[in-house]
Each structure stands twice: as structure tokens, then as C-alpha cells.
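Read through the structure below, which is laid out as C-alpha cells, and then see the notes.
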Amino acid sequence: MNTIRKFMQDEEGAVAIEYGLLASLIALAIVFGAKALGTNLCGIFNSIATYLSTAPTGTYTWSAAGC
Numbered sequence: 111m112n113t114i115r116k117f118m119q120d121e122e123g124a125v126a127i128e129y130g131l132l133a134s135l136i137a138l139a140i141v142f143g144a145k146a147l148g149t150n151l152c153g154i155f156n157s158i159a160t161y162l163s164t165a166p167t168g169t170y171t172w173s174a175a176g177c
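Right, here's the structure in full:
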């Protein structure tokens, strides 16, 4: 009976489960953040590729006026 009481009052397992849940939430946030960042980078690179493929050929002088 004493062993059952000690088992019921033991909270070490609960703490481990809480840390596991916290770690899984952090992992999910990292995954979704990386996916959003990858999608944004893909859009940027596609814009650059489109701009470069449609740019007329010739000699250009670089200007920072558009930045």
C-alpha cells in the first residue's frame, strides 16, 4: 500500500512529460518557421530568375538608383 501511495505522489514522470511536450512544440515551431522561410526565399529567387531571364542584353552601367 505504501508503494502505491509513493507512486501516486511521485511527480517526476509528469515533469518529464511536460518537457517532452515543450520540446515537441518548439520543434513544430522550428519546422513551420523553416517552411515559411523556404517559401519566401523561393519566391524571391523566382523573382530574380524571372527578372534576369527577361532582361534585355547589352552593355549596362550599374546604378544604385533603384535600391
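Using this note's numbering, you'd call the opening residue of the sequence shown number 111 and step up by one each time. Beta carbons: idealized from backbone N, C-alpha and C, even for Gly.
| Check | Outcome |
| --- | --- |
| Where the alpha helix (DSSP H) containing M118 begins and where it ends | N112 to Q119 |
| Cα-Cα separation between A137 and C152, rounded to whole angstroms | 22 Å |
| C-alpha distance - Q188 paired with E128, whole-angstrom precision | With the chain running from 111 to 177 in the structure shown, residue 188 is simply not present. |
| Euclidean distance between Cα positions of I154 and G123 | 47 Å |
| CA-to-CA distance, G130 to K145, given in whole angstroms | 23 Å |
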